[in-house]
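>
Residue numbers (the UniProt record's numbering): 1 to 210.
1. Going straight from the alpha carbon of residue 165 to that of residue 29, what length do you get?
2. Assuming residue 84 contacts residue 100 under a Cβ cut-off of 8 angstroms, what Cβ separation, rounded to an integer in Å, is found between them?
3. Identify whether residue 78 lies in helix, strand or coil by the three-state DSSP scheme.
4. Would you tell me roughly how many angstroms separate the C-alpha atoms of residue 296 and residue 86, rounded to the nearest one?
5. Evaluate the contact criterion for the segment 90-98 versus the segment 116-130: three or more CB pairs, one atom per stretch, below 8 angstroms.
6. Runs of 4 residues minimum, wholly inside the UniProt domain "Transposase DDE" (20-170): which ones carry the alpha helix (DSSP H) assignment?
7. Name the two residues that bound the continuous alpha helix (DSSP H) containing residue 11.
8. May I have the straight-line CA-CA distance separating residue 69 from residue 167, to the nearest angstrom?
9. For a test of the three-state rule: what should DSSP assign to residue 183, helix, strand or coil?
10. May I have the straight-line CA-CA distance separating residue 139 from residue 39, to the nearest angstrom?
11. For a test of the three-state rule: what should DSSP assign to residue 197, helix, strand or coil?
12. Taking all protein chains shown into account, do 16 or more other C-beta atoms lie within 10 angstroms of the C-beta of residue 173, making it buried, or fewer, making it exposed?
13. Sorted by chain position, which residues of the same chain lie with C-beta nearer than 6 angstroms to residue 112's C-beta, five sequence neighbours on each side aside?
14. Does the segment 67-82 come into contact with the segment 8-16, if we say contact requires no fewer than three beta-carbon pairs (one atom in each stretch) closer than 8 angstroms?
15. Could you tell me the alpha carbon to alpha carbon distance between residue 105 and residue 193, rounded to whole angstroms?
16. Helix or strand or just coil, what does DSSP make of residue 174?
17. Between residue 98 and residue 64, how many whole angstroms is the CB-CB distance? I'm expecting something under 8 angstroms.
18. With a Cβ-Cβ cutoff of 8 angstroms, do residue 178 and residue 163 count as a contact?
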């Protein structure tokens, strides 16, 4: 229900008509890595994954976030930590069009072509250091700066709303908690948009982290 409300609210401010979206993943560890092999929390559900931005292996789940060009959340998925981000992305792209900016985890000509054929989406990612870059330098500069927006949103979800903290002991409670955080962020951003405040002024929510 919370996810449906969030989608409806985001739709009211036109996120699905936007021709630019940005995607990125973030870790949701269920316990400290050293305790993982002894942990009974989410046994059979949590798995090991690697977070490139933090340079660490963790035990738990992976969140995948999709935002529009303003930073309003379009969708989110939660998968086991080891799951390829390309698999999770399919659950996010329904209802969007245009360009999708993502990180290097989505590199792959086959996947890019499949995504374009399926939904008409133009997937753009950075290339790895051992790959040839054929796109214009100005475009790459724009791509890099634009992608930082999703990092800002994830940072707010982590810092203000503690979305990476796991207090639940059952998957349903965890997904419900994450949906609540995403809804709260969307409500705040949409209110700011309506009254003309900076979209990411979330000071009101600093005491609403539960």
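Glycine included, every Cβ here is placed at the ideal spot set by N, Cα and C.
Reading it off the structure:
1. Taking the chain shown and counting its residues from 1, one reaches residue 165 at position 165. Taking the chain shown and counting its residues from 1, one reaches residue 29 at position 29. Going from the Cα of residue 165 to the Cα of residue 29 covers about 7 angstroms.
2. Position 84 of the chain shown, counted from the start, is the residue given in the question as residue 84. Position 100 of the chain shown, counted from the start, is the residue given in the question as residue 100. Their Cβ separation, rounded to whole angstroms, is 16 angstroms, which puts residue 84 and residue 100 out of contact at 8 angstroms.
3. Against the chain shown, residue 78 aligns to sequence position 78. Here residue 78 sits in strand by DSSP.
4. The question about residue 296 has no answer here: the residues shown for the chain are numbered 1 through 210.
5. By the Cβ criterion, the segment 90-98 is in contact with the segment 116-130, since at least three pairs of Cβ atoms, one from each stretch, lie closer than 8 angstroms.
6. Segments of the alpha helix (DSSP H) lying fully in the UniProt domain "Transposase DDE" (20-170): 85-89, 109-119, 137-159.
7. The residue you call residue 11 lines up with position 11 of the chain shown. Residue 11 -> alpha helix (DSSP H) spans 2-12.
8. Position 69 of the chain shown, counted from the first residue, corresponds to residue 69. Position 167 of the chain shown, counted from the first residue, corresponds to residue 167. The alpha-carbon separation between residue 69 and residue 167 amounts to approximately 32 angstroms.
9. Counting from one through the chain shown, the residue named residue 183 turns up at place 183. Helix.
10. One-based indexing of the chain shown puts residue 139 at position 139. One-based indexing of the chain shown puts residue 39 at position 39. Residue 139 and residue 39: Cα-Cα distance of roughly 46 angstroms.
11. Position 197 of the chain shown holds residue 197. Three-state result, residue 197: coil.
12. Counted from its first residue, the chain shown places residue 173 at position 173. Residue 173 is exposed by the Cβ-count criterion.
13. As a working note, residue 112 is residue 112 in the chain shown. Cβ contact annotation for residue 112 (same chain, cutoff 6 angstroms, sequence separation greater than five): 123, in chain order.
14. Output reads yes: the segment 8-16 touches the segment 67-82.
15. The count along the chain shown starts at 1 and reaches residue 105 at position 105. The count along the chain shown starts at 1 and reaches residue 193 at position 193. When rounded, the distance between both Cα atoms is 31 angstroms.
16. By one-based count along the chain shown, residue 174 stands at place 174. Shown here, residue 174 sits in a helix according to DSSP, grouped into three states.
17. One-based indexing of the chain shown puts residue 98 at position 98. One-based indexing of the chain shown puts residue 64 at position 64. Your pair residue 98 and residue 64 does not check out as a contact, with CB atoms roughly 19 angstroms apart and the cut at 8 angstroms.
18. Residue 178 sits at position 178 when you count from the first residue of the chain shown. Residue 163 sits at position 163 when you count from the first residue of the chain shown. Yes, the Cβ-Cβ distance between residue 178 and residue 163 is below 8 angstroms.
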